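Asker:
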């Protein structure tokens, strides 16, 4: 257990340092802009490119792995949406944001750093695949559901064009696609450029986690939403369990890929869920509360999962 604490404590400690820093003094969300820009447009893309470009191309085309992860994640989305819409009687827009809170984990800011710390650089490929394809689907589902709910007034053609542009211009996805091309042609950057990429990649996790902590601090918890009672266990417990079961059922995956996907599914609600709620004026404060609460609880749930994996209590295949 000491090894798990040594792994997790510095990781969540960076989030805590960011949170405390955000609480000290009078800071505005705009003050965080350049750090977020550095994380989203510079360091994390460098990390994704570095790791994907060094991976054999045949490992980057595992459609079965991508499909299994998406099936599990969007099963969770459907479950939370149905609870919100038909059990609690929320409207479609509110139920959509709730469903994203249950299915959309913080795989961008937390995923790469924690996975690489826990499993090494070989975890980079499943992280990149899960991130790119799940984010692409999230970017499509959110505006489509909001349009269906009447919250997005753009014409269908304009909506489709905007969604495609958002996906194709996302810096993480661009970096991963360029990494795919580099891997396919066995391209190696010149030494000076490679060293620059390495320096930026090393800065990715600390900067991302610090920025996440500051972001949480600038969105104070005003009230605990009733939906927390089912969203938290679904996100932190049911989601990773379902990913584990689906990947085991499909089978024929490297154990490290299975464990990486399960770890990514166990992460707390993504900060992007608040951004989506804010964009459409739906469930904003409750989304912020959900992100903060799931992040705090994930300190313990993620630690427990890593303990189960490292101690051999969680076999790589449930159906050998």
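Numbering (this note's numbering), first residue to last: 2 to 321. Note that CB positions come from ideal geometry on N, CA and C, so glycine has one too. Every value quoted in this text rests on a predicted model; they were computed, and no experiment measured them.
Kindly indicate which three-state DSSP category residue 270 falls into: helix, strand or coil?
Answerer: Taking the first residue of the chain shown as position 1, residue 270 is located at position 269. It is a strand residue.
Asker: Taking the beta carbon of residue 10 as the centre, do at least 16 other beta carbons fall within 10 Å, making it buried, or is it exposed?
Answerer: Sequence index remark: in the chain shown, residue 10 carries index 9 (1-based). Per the 10 Å Cβ criterion, exposed.
Asker: Determine which residues share a DSSP beta bridge with residue 106 and list them.
Answerer: Locating residue 106 in the chain shown gives position 105, counting from the first residue. DSSP output for residue 106 lists 270 as bridge partner(s).
Asker: On the criterion of 16 or more Cβ atoms from any shown chain inside 10 Å, does residue 5 qualify as buried, or is it exposed?
Answerer: Here residue 5 corresponds to residue number 4 of the chain shown, with the count starting at 1. Flag for residue 5 reads buried.
Asker: Check each candidate in 177, 276 and 284 and name the one with the smallest Cα separation from residue 62.
Answerer: Taking the first residue of the chain shown as 1, we reach residue 62 at position 61. Checked all of 177, 276 and 284; the closest Cα to residue 62 is 177.
Asker: Verify whether the separation of the beta carbon atoms of residue 266 and residue 106 is less than 8 Å.
Answerer: Taking the first residue of the chain shown as position 1, residue 266 is located at position 265. Taking the first residue of the chain shown as position 1, residue 106 is located at position 105. Closer than 8 Å, so yes.
Asker: Please list, in chain order, all residues of the same chain as residue 96 whose beta carbon is under 7 Å from its beta carbon, the five residues on each side excluded.
Answerer: For the purposes of this step, residue 96 is taken as the residue at position 95 of the chain shown. So the list reads 82, 85 and 86, once near-sequence residues are dropped.
Asker: By the three-class DSSP mapping on this structure, what secondary structure does residue 284 have?
Answerer: Within the chain shown, numbered from 1, the residue matching residue 284 stands at position 283. The answer is coil: DSSP assigns residue 284 none of H, G, I, E or B.
Asker: State the Cα-Cα distance for the pair residue 273 and residue 27, rounded to the nearest angstrom.
Answerer: By one-based count along the chain shown, residue 273 stands at place 272. By one-based count along the chain shown, residue 27 stands at place 26. Computed Cα separation, rounded: 24 Å.
Asker: Excluding the 5 residues preceding and the 5 following residue 212 in the sequence, name in chain order all residues of the same chain whose CB lies nearer than 8 Å to its CB.
Answerer: The sequence position of residue 212 within the chain shown is 211, counting from 1. Cβ neighbours of residue 212 beyond the five flanking positions: 19, 33, 36, 37, 40 and 110.
Asker: Please report the distance separating the alpha-carbon of residue 143 from that of residue 74.
Answerer: Your numbering for residue 143 matches position 142 in the chain shown. Your numbering for residue 74 matches position 73 in the chain shown. Spanning the two alpha carbons is a distance of roughly 14 Å.
Asker: Is it right to say residue 51 is buried, meaning 16 or more other beta carbons lie within 10 angstroms of its own, or is it exposed?
Answerer: Residue numbering aside, residue 51 sits at position 50 when the chain shown is read from its first letter. By the neighbour-count rule (16 or more Cβ atoms within 10 Å), residue 51 is buried.
Asker: Quick one: Cα of residue 158 to Cα of residue 289, how far?
Answerer: Position 157 of the chain shown, counted from the start, is the residue given in the question as residue 158. Position 288 of the chain shown, counted from the start, is the residue given in the question as residue 289. About 31 Å.
Asker: I'd like to check one pair, residue 317 with residue 256: are the Cβ atoms closer than 8 Å?
Answerer: Numbered from 1 along the chain shown, position 255 holds the residue referred to as residue 256. Numbered from 1 along the chain shown, position 316 holds the residue referred to as residue 317. Yes, these two residues count as a Cβ contact at 8 Å.
Asker: Of the residues 311, 302 and 165, which one's Cα is nearest the Cα of residue 137?
Answerer: On the chain shown, position 136 is the one that residue 137 refers to. Taking only the C-alpha atoms, the option nearest residue 137 is 165.
Asker: Is residue 113 buried or exposed, if buried means 16 or more other CB atoms sit within 10 Å of its CB?
Answerer: Here residue 113 is taken as the residue at index 112 of the chain shown, counted from 1. Per the 10 Å Cβ criterion, buried.
Asker: When the Cα atoms are used, what is the spatial distance from residue 127 to residue 301?
Answerer: As a working mapping, residue 127 is identified with position 126 in the chain shown. As a working mapping, residue 301 is identified with position 300 in the chain shown. Between residue 127 and residue 301, the C-alpha separation is close to 23 Å.
Asker: Which word fits residue 2, buried or exposed, when buried means at least 16 other C-beta atoms lie within 10 angstroms of its C-beta?
Answerer: Working through the chain shown from its first residue, we reach residue 2 at position 1. Exposed, because fewer than 16 other Cβ atoms sit within 10 Å of the Cβ of residue 2.
Asker: Roughly how many angstroms lie between the CA atoms of residue 151 and residue 167, to the nearest whole one?
Answerer: Position 150 of the chain shown holds residue 151. Position 166 of the chain shown holds residue 167. Going by the C-alpha atoms only, they are around 20 Å apart.
Asker: Report yes or no: do three or more beta-carbon pairs, one from the segment 278-287 and one from the segment 301-315, lie closer than 8 Å?
Answerer: Because the criterion of three Cβ pairs below 8 Å is not met, the segment 278-287 and the segment 301-315 do not touch.
Asker: Within the segment 139-172, note down every full alpha helix (DSSP H) run reaching 4 residues or more, in order along the chain.
Answerer: For the segment 139-172, whole alpha helix (DSSP H) runs of length 4 or above, ordered along the chain, are 157-169.
Asker: Of the choices 64, 283, 230 and 309, whose alpha-carbon is the least far from that of residue 130?
Answerer: Here residue 130 corresponds to residue number 129 of the chain shown, with the count starting at 1. Among 64, 283, 230 and 309, the Cα nearest to that of residue 130 is on 64.
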